[in-house]
Every structure is written in structure tokens, then in C-alpha cells.
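Visitor: Each residue of the sequence shown is one higher than the one before, starting from 24 at the first, in our numbering.
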Amino acid sequence: MVKVQLCLVILLCLICRKLVLTKITQTGKRFLVIEKKIIQLESSNHNLILNNQNLIIIYQNLLSKITNLETNSNQNLISRIKNLESSNRKLTTSIVNQIDETATLNLSNQNLKSKDSTLSHEIEVLKRKTGLGCKFCQQLPKSICGECSCINDCELQSKYYCSCRNLSPKRDCLAFHQVGLRINGIYTVTLNHKKVMEVYCDQTTDGGGWTVIQRRVDGTTNFYRNWNEYKNGFGKYQHEFYLGNENIYILSLQAMQPKGSQLRVEIKDWAGNTAYARYGSFRLGNEGTKYQLHVTEYSGNAGDSLSSEHNGRPFSTYDQDNDSNNQLSCAVKGHGAWWYSS
Ligand SMILES: [Ca+2]
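1) Assuming Val-222 and Tyr-260 make a contact with CB atoms under 8 Å, what is their CB distance in whole Å?
2) Using a threshold of 7 Å, is the CB atom of Cys-187 nearer than that to any non-hydrogen atom of ligand 1?
3) How is the alpha helix (DSSP H) around Gln-162 delimited, first residue to last?
4) May I ask which residues mark the beginning and end of the beta strand (DSSP E) holding Gln-285?
5) Can you give the Cα-Cα distance for Tyr-247 and Cys-168, rounded to whole angstroms?
6) Does the beta-carbon of Glu-269 have 16 or more other beta-carbons within 10 angstroms, so that it is buried, or is it exposed?
7) Compare the Cα-Cα distances from Arg-188 to each of Val-219, Trp-361, Leu-55 and report the closest residue.
8) Exposed or buried, what is His-358 when buried is set at 16 or more other beta-carbons lying within 10 Å of its beta-carbon?
9) Quick check: is any heavy atom of ligand 1 less than 7 Å from the C-beta of Leu-351?
10) Does ligand 1 have a heavy atom nearer than 7 Å to the CB of Asn-268?
11) Do you know offhand how far Thr-48's Cα is from Ile-72's?
12) Between the alpha carbons of Asn-245 and Ile-271, how many angstroms are there, rounded?
13) Taking only runs that begin and end inside the stretch 246-330, name each unbroken alpha helix (DSSP H) of 4 or more residues, in chain order.
14) Could you check whether the Cβ of Phe-134 sits closer than 7 Å to any heavy atom belonging to ligand 1?
15) Quick one: Cα of Leu-107 to Cα of Asn-99, how far?
16) What I want to know is whether the C-beta of Asp-344 ends up closer than 7 Å to one or more non-hydrogen atoms of ligand 1.
17) Looking at the unbroken alpha helix (DSSP H) that takes in Lys-218, where does it start and where does it end?
18) Use the C-beta contact count for Ala-298: other C-beta atoms within 10 angstroms, 16 or more gives buried, fewer gives exposed.
19) If you drop the 5 nearest sequence neighbours on each side, which residues of the same chain put their C-beta closer than 6 Å to that of Gln-315?
20) Taking only the alpha-carbon atoms, compute the straight-line gap between Asp-123 and Ile-290 and give it to the nearest angstrom.
21) To the nearest angstrom, report how far apart Tyr-183 and Gln-161 are at their CA atoms.
22) Just mark Asn-95 as buried or exposed, buried being the case when its beta carbon has 16 or more other beta carbons within 10 Å.
23) Buried or exposed: where does Asp-241 fall if 16 or more other Cβ atoms within 10 Å of its Cβ makes it buried?
24) Near Val-355, what residues of its chain come up, given a Cβ to Cβ distance below 7 Å and the 5 sequence neighbours on each side ignored?
25) DSSP three-state label for Leu-179, please.
26) Any heavy atom of ligand 1 closer than 7 Å to the CB of Asn-348?
27) Count the other C-beta atoms from every protein chain shown that fall within 10 angstroms of the C-beta of Lys-313, then say buried if there are 16 or more, exposed otherwise.
28) Please say whether Cys-177 and Gly-208 have beta carbons closer to each other than 8 Å?
29) What separation, rounded to the nearest whole angstrom, lies between the Cα atoms of Leu-92 and Arg-112?
30) For Gly-323, which of Ala-300, Tyr-265, Asn-215, His-144 has the nearest alpha-carbon?
31) Which runs of the alpha helix (DSSP H) spanning at least 4 residues fall entirely within the stretch 70-152, listed in chain order?
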């Protein structure tokens with residue numbers, strides 16, 4: 024029995040061994056499979072590591088290339104920016120220079136325009152003075168000045184005046200009128216048989232024969248002048264002028280014979296209305312009397328402003344106060360020169 028049991032046990036053991044062996048063999052196979060897998064994995068891992076290292080190298084190379092590219096590009100950009108900045112500076116300098124040149128040119132242009140304007144004006148003045156560019160006499164009848172000469176003068180409203188300077192001098196305008204001259208213009212007269220001077224004769228107004236001693240038209244001539252200028256006269260006889268107190272004194276003195284002088288004052292306003300004051304007797308005293316005014320026998324329509332207030336008064340200028348006002352100078356206050364009273 025025991026033997027059978029043992030045999031059973033042995034058989035069992037054998038069976039068990041067989042089972043165990045089978046199990047072991049199966050386990051060993053599994054180990055082998057696992058080992059193979061491990062080897063494969065290790066191999067894969069190794070390959071991965073290699074790949075990884077390659078990738079790192081590639082990455083490093085790329086990084087290096089990028090860095091190089093960046094550095095090169097950056098340097099190129101910096102270089103380009105510097106070039107652009109340099110160009111910009113040159114352009115800016117050029118523009119500033121051009122602006123300066125433009126400003127200079129503008130200034131020169133303005134100066135030239137100003138000079139051109141001044142020259143044009145001077146040319147016009149010269150043309151008027153010389154009569155060039157003003158040819159009215161050629162368009163007028165030759166008889167316009169009779170035996171006198173027509174002289175162009177653009178400054179005059181008439182654009183001409185008559186010059187009778189070619190005629191022999193006489194005592195005064197009345198003397199010319201008495202020999203038949205009826206032309207208004209510039210004549211020569213003698214003073215005290217010594218001095219010959221030019222005067223403007225009005226041979227048509229109120230019977231003619233008038234020697235014009237003063238003409239004021241448009242205010243272009245300064246009449247605020249000193250004693251000597253009023254003594255000797257100033258202005259142009261065909262324009263605004265004052266004949267001069269010394270000349271008026273001598274002319275009125277030498278006209279004392281036979282009948283003395285008359286004075287006619289003509290006034291015209293801006294509207295063209297005229298008025299006159301006529302004095303049947305007129306003369307001036309000599310410089311010792313300060314060219315004392317003698318004027319009487321008023322007639323006319325302008326009102327008597329001379330004989331009523333100024334007759335018998337000495338002449339005054341801003342530098343010779345001969346008026347009867349002890350407080351002030353009427354010439355300075357009135358900005359003129361006259362036979363002021365007070
Ligand atoms: Ca005074």
C-alpha cells in the first residue's frame with residue numbers, strides 16, 4: 024500500500040515535475056522573450072539616444088547657423104542703417120543748403136525787384152526832367168507857344184510849358200505884355216538893370232502882364248523854409264515856387280514908376296471853384312524893413328485877408344520871428360512863412 028502510495032506520490036511528483044518543468048520551460052521561454060524585448064528596447068533606446076545626439080548636433084548646428092545669420096544680418100542691417108543715416112545726413116545738409124540758397128535767392132530777388140522799382144522810378148523822374156518819354160509838344164500845334172518854345176514836362180497837368188527865354192529880357196511881365204506877348208510861360212527880366220532872372224508870366228488872366236510871385240498847387244514842394252530861402256526864392260517856375268522876397272522887393276520897387284504894382288491872389292479849391300482877391304497897390308519894403316508888406320485897395324470875391332490883418336507887417340520865418348506875438352513864433356505854430364501879425 025505504502026508502495027502504491029509512494030508510486031502515486033512519485034507519479035504525482037513526476038507529474039508535478041513534469042508540470043513544474045513545463046512551467047519552468049514556459050517561464051524560461053518568457054524570460055527569453057522578455058530578454059529579447061529588453062535587448063530590442065535597449066537597442067531602440069540606444070538608437071534613440073544616437074538619434075537624440077544627432078538631433079542635438081543638428082539643433083546646435085542650426086542654432087549656430089541662426090546665430091551666424093542673425094549676427095551677419097544684424098551687422099548688415101546696422102551697416103545699412105549707418106549708410107542710410109549717412110545718406111540722410113547728406114540729404115538733410117543738402118536740403119538745408121538748398122533752403123539757404125532759396126532764401127538767399129529770394130532776398131536777392133526782392134533786392135532786385137526793389138532796385139528795379141527804384142530804377143524804374145528814377146528813369147521816370149529823369150524822363151520827366153529831360154522831357155524824354157514825354158513828347159506832347161510834338162503832338163501840339165507849332166503855334167502853341169507862339170514865338171516861344173514848347174517844353175515837354177510830364178509833371179505838369181498840361182504836360183508842357185512855354186519857354187520865352189529866347190526873348191531879350193525886359194523889366195517885367197507887363198513890359199512883355201505891352202509889346203504884344205500873350206503867351207503864358209517863363210521869361211527873363213532884369214532887376215535894377217544888373218541882374219537877369221527868370222520869372223513866370225501870366226499874360227492871359229485878368230488882362231495879363233502878371234509876374235507870378237508864388238504858386239502852390241499840390242503840396243509837392245516844401246514851403247516851411249528859412250529866411251534866406253524865402254529871401255532868394257525856391258522851387259520851379261512852371262511848378263510850385265516862391266519868387267523870393269528880395270526879387271519881389273526889387274520888381275515892385277522898379278515898377279513904382281510910372282504906376283506901381285498890383286497884386287492878384289487866385290484861389291482854387293479841389294472841386295475847381297475859383298476865387299480871387301485883387302489889390303490895386305502892392306509892394307514890399309527892403310530887407311532892412313524885414314520885407315514889410317504894403318498892400319491896399321482890395322477888390323474881389325475871395326475876401327480881404329491881407330490888407331485887413333497883414334498890411335504893414337514884417338515877414339517872418341521859423342528862424343526869424345518878426346511877428347507881434349511875444350509868446351510864440353507864428354511861423355513855427357503855423358508851420359509856414361508870412362507877414363504874420365499875432
Ligand atoms: Ca513871436
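Beta carbons: idealized from backbone N, C-alpha and C, even for Gly. Every value quoted in this text rests on a predicted model; they were computed, and no experiment measured them.
Guide: Checking against the coordinates, here is how it stands:
1) 7 Å
2) no
3) 159-162
4) 284-291
5) 34 Å
6) buried
7) Val-219
8) exposed
9) yes
10) no
11) 35 Å
12) 20 Å
13) 250-255, 268-277
14) Correcting the residue type first, residue 134 is Asn in the shown sequence and not Phe. The answer is no for Asn-134.
15) 12 Å
16) yes
17) Counting along the chain, Lys-218 falls outside any alpha helix (DSSP H), though it belongs to the beta strand (DSSP E) covering 218-225.
18) exposed
19) Gly-308, Pro-337
20) 59 Å
21) 10 Å
22) exposed
23) exposed
24) Tyr-341
25) coil
26) yes
27) buried
28) no
29) 29 Å
30) Ala-300
31) none
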